[in-house]
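> Quick note on numbering: the sequence shown equals residues 58 to 414 in this note's numbering. I'd like to ask you about the structure that follows.
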Amino acid sequence: MNIKFINSGGTYMKKIFIAATLLGVITLTGCSAKSELSQADTSTQGNKFVNVYSARNYDVDKDIFLEFEEETGIKVNLIEGKGDELTERMNREKGNPQADLFITVGGETIAYAKEQDLLQVHGIDNLDDLLDKKFYGEDWVALTKRARILVYDKTKNPDFKLQSYFDLGQERYEKSILVRSGSSSYNIALVANILQNQGAEKARDLVAGIVNNLAREPQGNDRDQAKGVIAGEGEVGIINTYYQLKMLTSADASEVEVANLIGVAFPEESHVNISWGGIVKGAKNTENAKKLLEYLLEEKQQKTYMEENGEYPINNKVVLSDLLTSLGELKQMPVDYETLGNFTTEAIMLMDELGWK
């Protein structure tokens, strides 16, 4: 099997959300531990292939694609990059689409893909037997989910309780909060969800509360926030669930140690974001794209996402792992993923105004 890909990883930048039309595409080659990979050739002869543009730059995805090749005989040509870059590439290729299936992270990106008419009806039947209705539309399907949670040192704060994100603005948390940059798509999506669900005033309260109670200037990734909590740099960190799971199963003993000392607090309503996929409008290999999308929703692959990458399965038939269950009960904040992206510019402007750097 030979999945082929181009990799240009990274995270969203604020100015990309505000001026999406000014984006370009970076193409760098990468590699996977379990397969020999080379630059993609989307002009493969015959019809036993599918061209995938993916912003899910994880080894687990490549392993699943290899299994799909072995089981179906359909070759996967994989091009990796940042989601915003790949959507702009698809925009440029509208007259002659090179991708068949688009996979990305962040439900806030669905609105832009629909606005630009980049997707077509997927035609997958009986999704309501597998997924909650909020996790799919006629031209997109969620693949995994992860929650934005609060973490603390359970040895220092065994009785730690926090009911909502808004509690972070309380005086008792002065100089206590650790979080990554305001340019992180994770944080932008959180604020956008508050705007969508509870309005501008509550979103302002949230952002102001976090900024006023920062223990240090925002920095690092989600794992760094957990490490900072255990190092005593702050009392509360804001991270995604799957980072906690990945640290618990890390090959780095120091990360495992941190994860075992971390306590997890779910707000009464937690922000839950998704990774998702859709068939590209005008795709030349629509049926193969549909087969791959359906394959990714099957229980086996959903368990692999969960066990290998620490993500919540989107398929309701999959039983949660003991590790995910151990984190606590997840209750999701209401969200409409198809319109979530309409709130990102307002979220960015609010975060800029209040100093979430």
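Note that CB positions come from ideal geometry on N, CA and C, so glycine has one too.
For Tyr209, which option in Ser238, Leu176, Lys388 and Leu384 has the closest C-alpha, if you only look at C-alpha atoms?
Position 152 of the sequence shown, counted from the first residue, corresponds to residue 209. Residue Leu384 is the option with its Cα nearest to Tyr209.
> Rounded to whole angstroms, what's the CA-CA distance from Asn399 to Gly140? Just pull it up for me.
Numbered from 1 along the sequence shown, position 342 holds the residue referred to as residue 399. Numbered from 1 along the sequence shown, position 83 holds the residue referred to as residue 140. Looking at the two C-alpha atoms, the distance is approximately 16 Å.
> Kindly indicate the opening and closing residues of the beta strand (DSSP E) around Phe22.
Within the shown structure, residues of the chain are numbered from 58 to 414, placing residue 22 beyond reach of any answer.
> Since Val264 contacts Met408 with CB under 8 Å, what's their CB separation in whole angstroms?
Counting from 1 along the sequence shown, the entry for residue 264 is found at position 207. Counting from 1 along the sequence shown, the entry for residue 408 is found at position 351. Rounded, the Cβ-Cβ distance is 6 Å, consistent with contact.
> Just to confirm my understanding: we take Gly412, look at its own chain, exclude 5 residues before and 5 after, and list those with CB closer than 6 Å. What are they?
Within the sequence shown, residue 412 is the residue found at index 355, counting from 1. For Gly412, where only same-chain residues beyond five positions count, the Cβ hits under 6 Å are Val268.
> Out of curiosity, what's the CA-to-CA distance linking Ile295 and Gln253?
Position 238 of the sequence shown, counted from the start, is the residue given in the question as residue 295. Position 196 of the sequence shown, counted from the start, is the residue given in the question as residue 253. Roughly 20 Å between the two C-alpha positions.
> Under the three-state reduction of DSSP, which class applies to Tyr230: helix, strand or coil?
Taking the first residue of the sequence shown as 1, we reach residue 230 at position 173. Of the three classes helix, strand and coil, the one that applies to Tyr230 here is helix, per DSSP.
> Around the Cβ of Gly194, are there at least 16 other Cβ atoms within 10 angstroms (buried) or fewer (exposed)?
Residue mapping note: residue 194 aligns to position 137 of the sequence shown, counting from 1. Gly194 comes out buried.
> Roughly how many angstroms separate the alpha carbons of Asp216 and Gly226, rounded to a whole number?
Along the sequence shown, read from residue 1 onward, the residue named residue 216 stands at position 159. Along the sequence shown, read from residue 1 onward, the residue named residue 226 stands at position 169. Computed Cα separation, rounded: 19 Å.
> Does Asp186 pass the burial test, meaning 16 or more other C-beta atoms within 10 Å, or should it be called exposed?
Numbered from its first residue, the sequence shown carries residue 186 at position 129. The residue in question, Asp186, is exposed, as its Cβ has fewer than 16 Cβ neighbours within 10 Å.
> Between the alpha carbons of Met363 and Leu188, how many angstroms are there, rounded?
For this step, residue 363 is matched to residue 306 along the sequence shown. For this step, residue 188 is matched to residue 131 along the sequence shown. Using only the alpha carbons, I get a separation of about 16 Å.
> Look up Gly241 in the DSSP assignment and give the residues it is bridged to.
Here the question's residue 241 lines up with position 184 in the sequence shown. The sequence shown places Ser at residue 241, rather than the Gly named in the question. Answer by DSSP bridge pairing: none, since Ser241 is not bridged.
> Roughly how many angstroms lie between the CA atoms of Ala249 and Asn153, to the nearest whole one?
Start at 1 with the first residue of the sequence shown, and residue 249 comes out as number 192. Start at 1 with the first residue of the sequence shown, and residue 153 comes out as number 96. So the two alpha carbons sit approximately 34 Å from each other.
> Compare the Cα-Cα distances from Tyr110 to each of Gln220, Phe223, Ile245 and Val162 and report the closest residue.
Taking the sequence shown and counting its residues from 1, the one referred to as residue 110 is at position 53. Measuring from the Cα of Tyr110, the nearest candidate turns out to be Val162.
> May I have the straight-line CA-CA distance separating Lys191 from Lys202, to the nearest angstrom?
By one-based count along the sequence shown, residue 191 stands at place 134. By one-based count along the sequence shown, residue 202 stands at place 145. If I take the Cα positions, the gap works out to 12 Å.
> Report the option in Thr382, Asp174, Asn214 and Val313 whose CA atom is closest to the CA atom of Arg149.
Translated into the one-based positions of the sequence shown, residue 149 becomes position 92. Looking at the Cα atoms, Asp174 is the closest of the given residues.
> With 16 other CB atoms within 10 Å as the buried threshold, where does Gln358 fall?
Looking up residue 358 in the sequence shown gives position 301. By the 10 Å Cβ count, Gln358 comes out buried.
> Pick out whichever of Asn104, Thr212, Thr166 and Glu165 has its Cα sitting closest to the Cα of Glu314.
Reading the sequence shown from its first residue, position 257 is the one you call residue 314. That would be Thr212, whose Cα lies nearest to the Cα of Glu314.
> Does the CB of Ile167 have a neighbour CB from chain D at under 8 Å?
In the displayed structure, chain D is absent; only one protein chain is listed.
> Cα separation between Asp262 and Ser233?
Residue numbering aside, residue 262 sits at position 205 when the sequence shown is read from its first letter. Residue numbering aside, residue 233 sits at position 176 when the sequence shown is read from its first letter. Those two C-alpha atoms are separated by around 17 Å.
> Would you mind giving the Cβ-Cβ distance between Asn114 and Ala156, rounded to the nearest angstrom? I have them listed as a contact below 8 Å.
In the sequence shown, residue 114 corresponds to position 57, counting from 1. In the sequence shown, residue 156 corresponds to position 99, counting from 1. The Cβ separation is near 16 Å, so there is no contact.
> Please give me, in chain order, every unbroken run of the alpha helix (DSSP H) with length at least 4 that falls completely inside the segment 281-346.
Within the segment 281-346, the complete alpha helix (DSSP H) runs of at least 4 residues are 298-305 and 310-318.
> Roughly how many angstroms lie between the CA atoms of Ser92 and Leu158, to the nearest whole one?
Walking along the sequence shown from the start, residue 92 turns up at place 35. Walking along the sequence shown from the start, residue 158 turns up at place 101. Residue placement at Ser92 cannot be trusted, given a pLDDT of 37 that sits under 50; the coordinates are not used to answer.
> Report the residue from Leu271, Val321 and Ile160 whose alpha carbon sits nearest the alpha carbon of Asn297.
As a working note, residue 297 is residue 240 in the sequence shown. Taking only the C-alpha atoms, the option nearest Asn297 is Val321.
> Can you name the start and end residues of the alpha helix (DSSP H) that Phe122 belongs to?
As a working mapping, residue 122 is identified with position 65 in the sequence shown. From DSSP, the alpha helix (DSSP H) with Phe122 extends over Asp116 to Thr129.
> DSSP on Phe400, reduced to helix/strand/coil?
The sequence position of residue 400 within the sequence shown is 343, counting from 1. Helix, per DSSP.
> Nearest CA to the CA of Glu172: which residue from Val329, Glu351 and Glu145?
Residue numbering aside, residue 172 sits at position 115 when the sequence shown is read from its first letter. Comparing Cα-Cα distances from Glu172 to each of Val329, Glu351 and Glu145, the minimum goes to Glu145.
> Could you tell me the boundaries of the alpha helix (DSSP H) in which Arg146 lies?
Here residue 146 refers to the residue found at position 89 when the sequence shown is read from its first residue. Counting along the chain, the alpha helix (DSSP H) containing Arg146 begins and ends at Gly140 to Arg149.
> Quick check on Leu188: does DSSP put it in helix, strand or coil?
Numbered from its first residue, the sequence shown carries residue 188 at position 131. Coil at Leu188, not helix or strand.
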